[in-house]
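Chemist: Before I ask anything, here is the structure I am working with.
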Amino acid sequence: MKHSEGQPITQPDGEGNPAEAQETAATETETAPKAGLTRARILGASCLAIAGTLALSAILFKDDNGVWLGEEIDPIIKAAPVIAVAADEEPLPPLVNEVDATFNRGDTMMAVMTRAGVDRVEAHKAIQAMTPLFNPREIKAGQKLSLILEDDPDTGEARLTRLKLKADKTRNIVVTPDGQDGFAGEAVDIPITTELVRSQGVIDSSLYAAAVENDVPLKVLADMINIFSFDVDFQREVQRDDSFQLMFERMADDQGNAVDHGDVLLAEMVLSGEKRRFYRYEDKNGFVDYYDEKGRSVRKALLKTPVDGARISSKYGKRKHPVLGYTKKHSGVDFAAPRGTPIYAAGDGVLEAAGRNGSYGIYIRIRHNDSYKTAYAHMSKLAKGMRKGKRVRQRQVIGYVGTTGRSTGPHLHFEVHKGGRKVNPLGVKLPTGKTLKGKALAAFQQERARIDGLYASLPGSAKVADATPDSQ
Ligand SMILES: [Zn+2]
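According to UniProt numbering, the sequence shown holds residues 1 to 472 in order.
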């Protein structure tokens with residue numbers, strides 16, 4: 001279902017004959033493209049415009065206590081009164097103009113306000129009232145301003161009665177007359193609703209394309225890649241017809257625009273027919289991780305690939321040495337990557353060597369546990385603070401790709417040592433991370449059932465419109 005902006009409808013109010021009231025509630029719109037303004041003029045008293053917004057059915061809402069309301073999956077009509085004009089007995093009620101403007105590059109607050117018909121002196125006073133809350137010089141192209149102007153029926157002069165500026169994703173600045181020939185400003189928080197969104201896709205050309213096509217925000221895609229990075233080599237293992245499923249939190253403002261994305265609660269990938277599903281679980285110490293249905297952490301003791309986006313340029317095993325020319329056993333895997341690409345620690349551990357090491361060039365070796373070590377060679381430089389004895393965490397940047405030592409071009413030479421022997425990093429069966437047991441496992445299983453329930457309550461075909469973050 002597509003999220004759609006309802007046409008504003010006018011609705012008669014009070015005792016009057018609805019048919020008559022509708023006739024007088026003439027709505028006239030004119031656009032001034034050069035000025036970038038749209039103007040809706042609403043004539044007459046006793047009219048109330050309602051903007052109806054149809055919310056997605058594939059969404060759950062969090063209540064004030066942070067509890068997901070699983071039942072509320074019916075479409076929800078969000079009704080927002082745009083403008084309400086009080087009933088007025090005068091024969092000539094003021095004309096109310098509501099002007100919405102979007103800032104273009106180079107627009108100043110003064111220019112946009114005067115273009116909208118605000119008197120220069122009034123505009124200056126309103127800007128002064130706004131300035132302590134928002135510096136008008138920091139206005140950016142694309143920011144939105146709405147103004148309400150009332151035309152004095154006698155003099156025909158327009159008077160500013162309300163200014164609303166969307167200062168950022170979470171805050172509006174509202175400026176109104178202070179009753180003493182000036183203006184007062186106020187910052188108003190935009191209410192943010194957290195919703196759950198389900199997305200899924202089948203990979204045709206690339207995971208990225210499938211994610212974009214199915215409205216998965218890039219931040220969520222990055223989280224998913226992170227979750228699976230222990231298990232999946234995204235450069236090599238993801239193929240056409242593989243698929244993914246996700247459930248994640250989406251924070252929306254009062255207009256239904258996504259302002260941010262929260263946690264991924266469920267992530268599933270089906271690769272070459274093999275399904276892997278992981279659930280977010282926070283343990284009693286507040287440590288968040290993703291676990292499979294048996295409570296096994298997605299984290300492995302070692303990462304499969306210690307650089308992002310790299311191509312394997314040379315595998316482990318016998319090969320003709322590119323510099324020396326003779327056949328020699330290659331003791332690791334080479335990942336070709338641009339100079340300066342960050343290199344991650346494949347696992348938690350302690351640096352056993354850090355610095356120049358002959359033909360290895362700038363080199364690091366990490367001792368992970370009694371049996372495993374990893375080594376990284378030909379770096380352009382070490383990351384800040386890397387020295388022998390330093391403790392590092394998995395995925396911490398330890399250095400950068402280079403071509404120091406005996407090397408023909410920028411690449412990472414990566415070795416895995418098991419029990420003192422160099423083994424094939426691509427073939428080694430990596431030790432697993434932690435597995436939940438006892439009470440922790442029971443708590444996880446409860447959380448997993450809850451997540452599965454929420455997931456099942458969202459329609460599978462849900463396509464989320466407006467999921468792209470607001471450009472402001
Ligand atoms: Zn190598």
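Cβ atoms here follow ideal geometry from the backbone N, Cα and C, with glycine treated the same way.
R280 and V270 - do their beta-carbons sit closer together than 8 Å?
Modeler: Here residue 270 refers to the residue found at position 270 of the sequence shown. Here residue 280 refers to the residue found at position 280 of the sequence shown. Their beta carbons are not under 8 Å apart, which means V270 does not touch R280 by this criterion.
Chemist: Can you determine whether any heavy atom of ligand 1 sits closer than 7 Å to the C-beta of G256, and answer yes or no?
Modeler: Taking the sequence shown and counting its residues from 1, one reaches residue 256 at position 256. Incorrect: G256 has no Cβ contact closer than 7 Å to ligand 1.
Chemist: With three or more C-beta pairs closer than 8 Å as the rule, is the stretch 381-388 touching the stretch 424-443?
Modeler: Taking 8 Å as the limit for Cβ pairs, the verdict is that the stretch 381-388 does not touch the stretch 424-443.
Chemist: Quick check on the DSSP output: what are the complete alpha helix (DSSP H) runs of length 4 or more inside the UniProt domain "M23ase beta-sheet core" (329-425), in order along the chain?
Modeler: For the UniProt domain "M23ase beta-sheet core" (329-425), not a single whole alpha helix (DSSP H) run of length 4 or above is found.
Chemist: Compute every distance between the C-beta of S314 and the non-hydrogen atoms of ligand 1, then say whether any falls below 7 Å.
Modeler: Here residue 314 corresponds to residue number 314 of the sequence shown, with the count starting at 1. It does: the Cβ of S314 is within 7 Å (strictly closer) of some heavy atom of ligand 1.
Chemist: Quick one: is L458 buried, meaning 16 or more other Cβ sit within 10 Å of its Cβ, or exposed?
Modeler: Translated into positions along the sequence shown, residue 458 becomes position 458. L458 comes out buried.
Chemist: Let's test the definition: count the other Cβ atoms within 10 Å of the Cβ of L207 and tell me whether it reaches 16, buried, or not, exposed.
Modeler: Reading the sequence shown from its first residue, position 207 is the one you call residue 207. Flag for L207 reads buried.
Chemist: Ignoring anything shorter than 3 residues or poking outside the stretch 235-262, list the beta strand (DSSP E) runs there in chain order.
Modeler: With a minimum length of 3 residues, the continuous beta strand (DSSP E) runs that stay inside the stretch 235-262 are 243-252.
Chemist: Spatial neighbours of Q235 within its chain, please: C-beta separation below 6 Å, excluding the five flanking residues on both sides.
Modeler: Here residue 235 refers to the residue found at position 235 of the sequence shown. Within the same chain, Q235 has no close Cβ partners at all.
Chemist: Which same chain residues, not among the five before or five after F230, have their C-beta less than 6 Å away from its C-beta?
Modeler: For the purposes of this step, residue 230 is taken as residue 230 along the sequence shown, with counting starting at 1. So the qualifying residues of the chain are V298, R299, K300.
Chemist: Give the range of the beta strand (DSSP E) segment to which D168 is assigned.
Modeler: The residue you call residue 168 lines up with position 168 of the sequence shown. Looking at the DSSP string, the run of the beta strand (DSSP E) that includes D168 is 158-168.
Chemist: Is V121 helix, strand or coil when you go by DSSP?
Modeler: Reading the sequence shown from its first residue, position 121 is the one you call residue 121. Here V121 sits in helix by DSSP.
Chemist: Determine contact between the stretch 393-409 and the stretch 341-351, defined as no fewer than three beta-carbon pairs at a distance below 8 Å.
Modeler: Yes, the stretch 393-409 touches the stretch 341-351.
Chemist: Determine which residues share a DSSP beta bridge with Q200 and list them.
Modeler: To locate residue 200, count along the sequence shown from 1; it is residue 200. Looking at the DSSP assignment, Q200 forms a beta bridge with Q245.
Chemist: Starting from D223, trace the beta strand (DSSP E) in both directions and tell me its first and last residue.
Modeler: On the sequence shown, residue 223 is found 223 positions in, with the first residue counted as 1. First-last for D223: 218-228, but that is the alpha helix (DSSP H), not the beta strand (DSSP E).
Chemist: Under 8 Å, do M109 and P132 count as touching if we go by C-beta distance?
Modeler: On the sequence shown, residue 109 is found 109 positions in, with the first residue counted as 1. On the sequence shown, residue 132 is found 132 positions in, with the first residue counted as 1. The answer is no: Cβ separation not under 8 Å.
Chemist: Would the beta-carbon of L266 fall within 8 Å of that of M247?
Modeler: By 1-based counting over the sequence shown, the position of residue 266 is 266. By 1-based counting over the sequence shown, the position of residue 247 is 247. Contact flag set, yes.
Chemist: Identify, in the order they occur along the chain, each residue of the same chain with its Cβ nearer than 8 Å to the Cβ of G117, setting aside the five sequence neighbours on each side.
Modeler: In the sequence shown, counting from the first residue as 1, residue 117 sits at position 117. Here the set comprises N97, V99, L149, A158.
Chemist: Can you give the beta carbon distance from Y316 to P425, rounded, assuming they're within the 8 Å contact cut?
Modeler: One-based indexing of the sequence shown puts residue 316 at position 316. One-based indexing of the sequence shown puts residue 425 at position 425. That belief holds up - the Cβ atoms of Y316 and P425 are roughly 7 Å apart, short of 8 Å.
Chemist: Determine contact between the stretch 187-199 and the stretch 155-173, defined as no fewer than three beta-carbon pairs at a distance below 8 Å.
Modeler: Segments in contact, yes.
Chemist: Heavy atom of ligand 1 less than 7 Å from the Cβ of H417, yes or no?
Modeler: For the purposes of this step, residue 417 is taken as residue 417 along the sequence shown, with counting starting at 1. The answer is no for H417.
Chemist: Is the distance from the Cβ of S199 to the Cβ of Q239 below 8 Å?
Modeler: In the sequence shown, residue 199 corresponds to position 199, counting from 1. In the sequence shown, residue 239 corresponds to position 239, counting from 1. Contact: no.
Chemist: Can you tell me which residues form a DSSP beta bridge with P280?
Modeler: Here residue 280 is taken as the residue at index 280 of the sequence shown, counted from 1. The residue asked about is misnamed: residue 280 is Arg in this sequence, not Pro. Bridge partners of R280: Y290.
Chemist: Which same chain residues, not among the five before or five after R393, have their C-beta less than 6 Å away from its C-beta?
Modeler: Translated into the one-based positions of the sequence shown, residue 393 becomes position 393. Around R393: D348.
Chemist: Would you say the beta carbon of H330 is closer than 7 Å to some non-hydrogen atom of ligand 1?
Modeler: Taking the sequence shown and counting its residues from 1, one reaches residue 330 at position 330. Correct: H330 has its Cβ closer than 7 Å to ligand 1.
Chemist: Is it buried or exposed for residue 546, if we count other Cβ within 10 angstroms and need 16 for buried?
Modeler: What the structure shows of the chain is the stretch from 1 to 472, and residue 546 is not part of that stretch, so it cannot be assessed.
Chemist: Keeping to the same chain, check which residues put their C-beta closer than 6 Å to that of M130; ignore five residues upstream and five downstream.
Modeler: Counted from its first residue, the sequence shown places residue 130 at position 130. The answer, listed in chain order, is I173, V175, G185.
Chemist: Could you tell me if the beta carbon of H413 falls within a distance shorter than 7 Å of some heavy atom in ligand 1?
Modeler: Position 413 of the sequence shown holds residue 413. Yes; taking the cut-off as 7 Å, the Cβ of H413 has a heavy atom of ligand 1 nearer than that.
Chemist: So which of D242, D181, V416 has the shortest CA-CA distance to A210?
Modeler: Here residue 210 corresponds to residue number 210 of the sequence shown, with the count starting at 1. Per the Cα distances, D242.
Chemist: Given a threshold of 16 other Cβ atoms within 10 Å of its Cβ, counted over all protein chains shown, does residue 479 qualify as buried or as exposed?
Modeler: Missing from the structure shown is residue 479; the chain here goes from 1 to 472 and no further.
Chemist: CB of D334 to nearest heavy atom of ligand 1: below 7 Å?
Modeler: Translated into the one-based positions of the sequence shown, residue 334 becomes position 334. Yes; taking the cut-off as 7 Å, the Cβ of D334 has a heavy atom of ligand 1 nearer than that.
Chemist: Taking the C-alpha atoms as reference points, what is the distance between K219 and Y291?
Modeler: Locating residue 219 in the sequence shown gives position 219, where the first residue counts as 1. Locating residue 291 in the sequence shown gives position 291, where the first residue counts as 1. One C-alpha to the other measures close to 20 Å.
Chemist: For I227, which residues from the same chain have a beta carbon less than 8 Å from its beta carbon, with the 5 sequence-adjacent residues on both sides left out?
Modeler: The residue labelled residue 227 in the question sits at position 227 within the sequence shown. Counting only Cβ-Cβ distances below 8 Å, and skipping sequence neighbours, we find V264, A267, F278, Y290, V298.
Chemist: So, with DSSP's three-state summary, where would you put K144?
Modeler: In the sequence shown, the residue the question calls residue 144 occupies position 144. It is a strand residue.
Chemist: Once DSSP output is grouped into helix, strand and coil, what is the label at I312?
Modeler: Stepping through the sequence shown from its first residue, residue 312 is reached at position 312. Three-state result, I312: strand.
Chemist: Name the one or two DSSP bridge partners that M269 has.
Modeler: Looking up residue 269 in the sequence shown gives position 269. Looking at the DSSP assignment, M269 forms a beta bridge with F244, R276.
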